[in-house]
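>
Residue numbers (mature numbering (1 follows the signal peptide of the UniProt record, and there is no 0)): -22 to -1, 1 to 169.
As structure tokens, then:
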């Protein structure tokens, strides 16, 4: 088991390291201003073009407590959260940053996503039955948030397979929302 975790962790670390070396972060990159030819010899116009996913203020949700007010161990949440955050940062580095800068997503990015994204599902998929075993009902928002993340990764894989740049920002939003929602809901029921 430890060997599998080490192999999986090393794959995730390799992806994140490649992302760091490429200069990606979980924040949108600054765009470079472009200068258009001046209409008159003394006038210069500077425009900045960027595509940014819509942002909304997160409204805290009312998270239903577990039956009997039971709490779960924080490690049950953290194992899934590591994979979720890695998926968000990775997707930003291989796809979102390019789309936001109005650049084509390179083929190597699509290929890397198809190769690595399934690993991001492993942690949450392992944690799902453990959360249920710890007393989280299958219809609880924590499980729904975890399932929303798994669905977002499936959508990420489909976008990468079809090289559908038009869906990159939508997948970015879904991955981020699922990660943030799970952190909120799981955090509300842990001890």
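Where a beta carbon is used, it is the ideal one built from N, C-alpha and C, also for glycine.
Predicted model, so just to flag it, every value in this text is computed and none were measured.
In this structure, how does DSSP classify residue 111 when only helix, strand and coil are distinguished?
Taking the first residue of the chain shown as position 1, residue 111 is located at position 133. Three-state DSSP puts residue 111 in a helix.
> Take every Cβ of the segment 114 to 129, pair it with every Cβ of the segment 149 to 158, and state whether three or more of those distances are shorter than 8 Å.
yes
> Using 8 Å for Cβ pairs, my map puts residue 163 next to residue 120. What's the rounded Cβ distance?
In the chain shown, residue 163 corresponds to position 185, counting from 1. In the chain shown, residue 120 corresponds to position 142, counting from 1. Right, the Cβ-Cβ distance comes to about 5 Å (below 8 Å), so this counts as a contact.
> Leaving out five residues on either side along the sequence, give the residues of the same chain with a beta carbon under 8 Å from the beta carbon of residue 51.
By one-based count along the chain shown, residue 51 stands at place 73. Cβ-Cβ distances below 8 Å link residue 51 to 112, 168 and 169 in the same chain, with the five nearest sequence neighbours on each side left out; the list follows chain order.
> How would you label residue 210, buried or exposed, when you count the other beta carbons within 10 angstroms and need 16 or more for buried?
Here the chain covers residues -22 to 169 and nothing more, so residue 210 does not appear.
> Measuring alpha carbon to alpha carbon, tell me which of 55, 75, 76 and 41 ends up nearest residue 104.
In the chain shown, the residue the question calls residue 104 occupies position 126. For residue 104, the nearest C-alpha among the options comes from 55.
> Measure the C-alpha to C-alpha separation of residue 150 and residue 82 and round it to an integer number of angstroms.
Within the chain shown, the letter at position 172 stands for residue 150. Within the chain shown, the letter at position 104 stands for residue 82. For residue 150 and residue 82, the distance between alpha carbons rounds to 16 Å.
> Taking DSSP as the reference, what is the three-state secondary structure of residue 168?
In the chain shown, the residue the question calls residue 168 occupies position 190. Looking at residue 168 - three-state DSSP - the assignment turns out to be strand.
> Taking 8 Å as the cut-off, decide whether the C-beta atoms of residue 160 and residue 95 are in contact.
Position 182 of the chain shown, counting from 1, holds the residue named residue 160. Position 117 of the chain shown, counting from 1, holds the residue named residue 95. Note that the C-beta distance between residue 160 and residue 95 is not below 8 Å.
> Cα separation between residue 44 and residue 118?
Within the chain shown, residue 44 is the residue found at index 66, counting from 1. Within the chain shown, residue 118 is the residue found at index 140, counting from 1. Taking the straight line joining both Cα atoms gives about 8 Å.
> Would you call residue 36 buried or exposed, if buried means 16 or more other Cβ atoms sit within 10 Å of its Cβ?
Counting from 1 along the chain shown, the entry for residue 36 is found at position 58. Residue 36 counts as exposed, since fewer than 16 other C-beta atoms from the protein chains shown sit within 10 angstroms of its C-beta.
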